[in-house]
Amino acid sequence: MSAQRVVPIAAFRALHALVLVLYVVEICLTFLLGAVHIYSSLPIANALVVTFGVSQRLLLPSGIIYTSISLLLIIDVMQLRPTRAVDSVKTALRLLSKPAMSSRCQSALWRRFYQAITLPRTLWRALFGLDGLFGLHGRHFEAAFRVREVLEIALQTYQLYYLSRSVAAAWINHLAVSIIVVNCVGVAVLEQLPGLHARQRRLVHMLLDMVLDVGYAVVLPLCITLPFLQEFEWAKGRVSYALWMDDAWNANAVASLRQLLVSSPLDLVSSVLPHVSFLGALSSLKQLLPRIHASRTQSHAPVALGSVINAFEPRQPTVNDLIGVSRSAIESSRRCSRQRILAAIVHVLLFAWAGAVLAMHLDAQHVPTAVGCRRQLRAWRDLHGRNSAPVAFCSVMQINCRKDGLSGAASELTGRLEMVDRSILTKLVFSHCPALEIPPILAEFHQMTGIETYNCTLTSWSHDAPLTRKKHPGLTMIWILFTDMASFPPALLRDDLPPLFNNFVIHGSNLTELPDALGSLWSALQLEWFALEHTAVSVVPPSLGLLHTQALQLLSNRITEVPDSLLLTLSGLHTLWLSGNPLERLPTSIGSLESSVTELRVEDTAVSSAPEWLVEWLAASRDVSLFGSPVCGSLPTVLAARACGQSLGTSRGSLPLDLLVDQRAL
509 MSAQRVVPIA
519 AFRALHALVL
529 VLYVVEICLT
539 FLLGAVHIYS
549 SLPIANALVV
559 TFGVSQRLLL
569 PSGIIYTSIS
579 LLLIIDVMQL
589 RPTRAVDSVK
599 TALRLLSKPA
609 MSSRCQSALW
619 RRFYQAITLP
629 RTLWRALFGL
639 DGLFGLHGRH
649 FEAAFRVREV
659 LEIALQTYQL
669 YYLSRSVAAA
679 WINHLAVSII
689 VVNCVGVAVL
699 EQLPGLHARQ
709 RRLVHMLLDM
719 VLDVGYAVVL
729 PLCITLPFLQ
739 EFEWAKGRVS
749 YALWMDDAWN
759 ANAVASLRQL
769 LVSSPLDLVS
779 SVLPHVSFLG
789 ALSSLKQLLP
799 RIHASRTQSH
809 APVALGSVIN
819 AFEPRQPTVN
829 DLIGVSRSAI
839 ESSRRCSRQR
849 ILAAIVHVLL
859 FAWAGAVLAM
869 HLDAQHVPTA
879 VGCRRQLRAW
889 RDLHGRNSAP
899 VAFCSVMQIN
909 CRKDGLSGAA
919 SELTGRLEMV
929 DRSILTKLVF
939 SHCPALEIPP
949 ILAEFHQMTG
959 IETYNCTLTS
969 WSHDAPLTRK
979 KHPGLTMIWI
989 LFTDMASFPP
999 ALLRDDLPPL
1009 FNNFVIHGSN
1019 LTELPDALGS
1029 LWSALQLEWF
1039 ALEHTAVSVV
1049 PPSLGLLHTQ
1059 ALQLLSNRIT
1069 EVPDSLLLTL
1079 SGLHTLWLSG
1089 NPLERLPTSI
1099 GSLESSVTEL
1109 RVEDTAVSSA
1119 PEWLVEWLAA
1129 SRDVSLFGSP
1139 VCGSLPTVLA
1149 ARACGQSLGT
1159 SRGSLPLDLL
1169 VDQRAL
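Quick note, the sequence shown lines up with residues 509 to 1174 if you use this note's numbering.
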């Protein structure tokens, strides 16, 4: 027998350490994903879920699945190389689990109970364990491996399609495509490696699959999310206002962080499968280590080169094992022939699949761009065949009428929007349009989440261009900034606005009145923000009391009085800002809002007296600012110092709109 080259014992320890590190990384990631999904399913995270536009009904099941995988990994890693502490815990559990009495009945019950709780593990080992039917030593390993690879590649391609239509970073899309292409061709290439027999090749296949699973399920999500998490100001619990007001950055952050959350049942399967595959591979490696360790300790010598691969080799055949070999030789030959044919078919399929993925990816690098696009995507073409003509994959678009030589007529804007993919555009800004007519084509952009007008004269926004729950299910915001209009847009006076619509702002307008029916038409909406700022509105319609809004900000208008009934009927209000109005008095009662409102701003008004509820608030050190209002002179010195000492500048407006100036420049 030829002498074997040997490697130091450090090789075994390095493999052991590698497996342990992989366990720790996978445990941390699956636990984090589980925690994020479970947290997102709670009512406290409703605003986050609305922003990301994902299905809330899948969040809790997804969180439970990820957490279960994490727990399975923890249980598995405890058996990797138990320490004395772990051994002590296991011994204690065995002692505690012994029946208190040794009767035959109790022993039988205990056996049944033990068999019941260990049945899943027994089935798993019988099917996917190292020596299981589909395990690394199993008879059907190759067939199961190929089926799983085809399924995994198909699901990853599905995710890659949506990744290209949401993440703008080109290098991330290149990385995802590279992982899938290597996954397709890697197996076929390894089949041709010389010097490896079938069982050694199995181990190499499994190791390659683990590397690719780590790349797709760990490295890729980290590359997508880390740049945005680094910008998060953890002490303040938010990102900076400069980034939040940046259209492109905001859209990038939402689209990228959305990749962490499951959005559909198929997406759930696609996201979980690599982790399940990784769990199975790690479990096989874990079972392989004791055999390597036993081989090393029995020989009292360094580990022989190749023992890491050959440790899972079956024992040497005995005479009894050789009996019947001649009878099964023909059957074995036929089975091997069928396996080779199946392998060849799968390899051809995977090579073709890799070619198709590369072709789609290269085609996406040569799409046209749209004038005014602030966030260009290199998206794959629609799988359903729509928009086959060349269109721009733009997710954030600003139509600057003055820069582009447009007046804002509906026909002009329609011509621009026809060149944009309908399923990609999420935010649309009309700026500097002297005669803006919102075009009916707006109804075709079903993925729209926000629409804004800036420094325009709005001449028409009729019912021909509605924003409805059917056409725009994900719409969350409408901002009308520095825009003159003769009346409130008729297209917004309807009771079927998108259900997620929660952010409405009019700032800097010559609008003189709000419709009387506005509150009743919008009463079904769950608003977070209703702001009317720097307008000519002088009367607050009582129907606004029917709104369900967390923040009501009526700033620097011409309002002289807030109806007593308004605050008595509002529900869910946390923030009430009335600064900058010629307001002469506050309502005498605020009803149930006394316990819900956490911020009151009545700065720079004509209010001269404090109602009883306001005095009680000031005495209780509630968050109130009355700076610049005559009422400060009638308050006791202590209360006046608390509520009137410093201006918070709320009369200027609720949004840092100065941060938009550069983005909306002429």
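Note that the Cβ used here is the ideal one computed from N, Cα and C, for glycine as well.
Fair warning: this is a prediction, and the values are worked out from it, not measured in the lab.
State buried or exposed for residue i, treating a residue as buried only when at least 16 other CB atoms are found within 10 Å of its CB.
{"i": "C941", "result": "buried"}
{"i": "N1065", "result": "buried"}
{"i": "I907", "result": "buried"}
{"i": "C536", "result": "exposed"}
{"i": "R883", "result": "buried"}
{"i": "N1018", "result": "exposed"}
{"i": "Q873", "result": "exposed"}
{"i": "E1120", "result": "exposed"}
{"i": "Q1154", "result": "exposed"}
{"i": "A1044", "result": "exposed"}
{"i": "H682", "result": "exposed"}
{"i": "E926", "result": "exposed"}
{"i": "E741", "result": "exposed"}
{"i": "L850", "result": "exposed"}
{"i": "E1111", "result": "buried"}
{"i": "E1102", "result": "exposed"}
{"i": "S610", "result": "Its pLDDT being 49, under 50, S610 is placed unreliably in this model, and the value from its coordinates should be taken loosely. Looking at its Cβ environment, which holds fewer than 16 other Cβ atoms inside 10 Å, S610 is exposed."}
{"i": "A1032", "result": "exposed"}
Would you identify the three-state DSSP class for residue i, choosing helix, strand or coil?
{"i": "E1124", "result": "helix"}
{"i": "S548", "result": "helix"}
{"i": "F736", "result": "helix"}
{"i": "P607", "result": "Any reading at P607 is ruled out, since the residue's pLDDT is 48, under 50, leaving its predicted position unreliable."}
{"i": "I946", "result": "coil"}
{"i": "K911", "result": "helix"}
{"i": "L1156", "result": "coil"}
{"i": "M714", "result": "helix"}
{"i": "A676", "result": "coil"}
{"i": "L1147", "result": "helix"}
{"i": "D1166", "result": "helix"}
{"i": "H1015", "result": "strand"}
{"i": "S578", "result": "helix"}
{"i": "E1036", "result": "coil"}
{"i": "A522", "result": "helix"}
{"i": "L1005", "result": "coil"}
{"i": "D584", "result": "helix"}
{"i": "A1059", "result": "strand"}
Could you tell me the alpha carbon to alpha carbon distance between residue i and residue j, rounded to whole angstroms?
{"i": "L765", "j": "S686", "result": "22 Å"}
{"i": "L1022", "j": "A973", "result": "20 Å"}
{"i": "C731", "j": "V533", "result": "15 Å"}
{"i": "L983", "j": "K935", "result": "9 Å"}
{"i": "I1098", "j": "P1071", "result": "11 Å"}
{"i": "A819", "j": "A725", "result": "With a pLDDT of 46 at A819, under the threshold of 50, the modelled position of this residue cannot be trusted, and the question is left open."}
{"i": "T1113", "j": "E1041", "result": "14 Å"}
{"i": "A652", "j": "Y670", "result": "28 Å"}
{"i": "V784", "j": "L950", "result": "43 Å"}
{"i": "E1107", "j": "Q1058", "result": "11 Å"}
{"i": "Q1171", "j": "D754", "result": "8 Å"}
{"i": "M586", "j": "P782", "result": "22 Å"}
{"i": "F953", "j": "M905", "result": "12 Å"}
{"i": "D721", "j": "E1036", "result": "40 Å"}
{"i": "V1146", "j": "R1109", "result": "18 Å"}
{"i": "I932", "j": "W679", "result": "20 Å"}
{"i": "A900", "j": "N758", "result": "20 Å"}
{"i": "A525", "j": "V780", "result": "25 Å"}
{"i": "L1060", "j": "A543", "result": "33 Å"}
{"i": "R910", "j": "Q667", "result": "40 Å"}
Shorter than 8 Å from the beta carbon of residue i to some beta carbon of chain C?
{"i": "D929", "result": "This model lacks chain C altogether; it includes just one protein chain."}
Next on the checklist: Going residue by residue through the region 1066-1119, where are the continuous alpha helix (DSSP H) segments of at least 4 residues, counting only ones entirely within it?
Outcome noted: 1072-1077, 1101-1104
Item to check | Inter-stretch contact (C-beta, 8 Å, three-pair minimum) for the region 940-960 and the region 968-978 | outcome: yes
Checklist entry - Three or more beta-carbon pairs under 8 Å between the region 911-921 and the region 738-754, yes or no? => result no
Next on the checklist: Within 8 Å, do at least three Cβ pairs link the region 1082-1090 to the region 1147-1166?
Outcome noted: yes
Checklist entry - At a cut of 8 Å, does the region 733-740 reach the region 864-876 through at least three beta carbon pairs? => result no
Checklist entry - Taking the runs of the beta strand (DSSP E) that are 3 residues or longer, which of them lie wholly in the region 921-990? => result 935-939, 958-962, 965-968, 985-989
Checklist entry - Quick check: the region 984-994 against the region 956-964, are there 3 or more CB pairs under 8 Å? => result yes
Next on the checklist: Quick check for students: name the residue ranges of the beta strand (DSSP E) that lie wholly in the region 846-874, counting only runs of 3 or more.
Outcome noted: none
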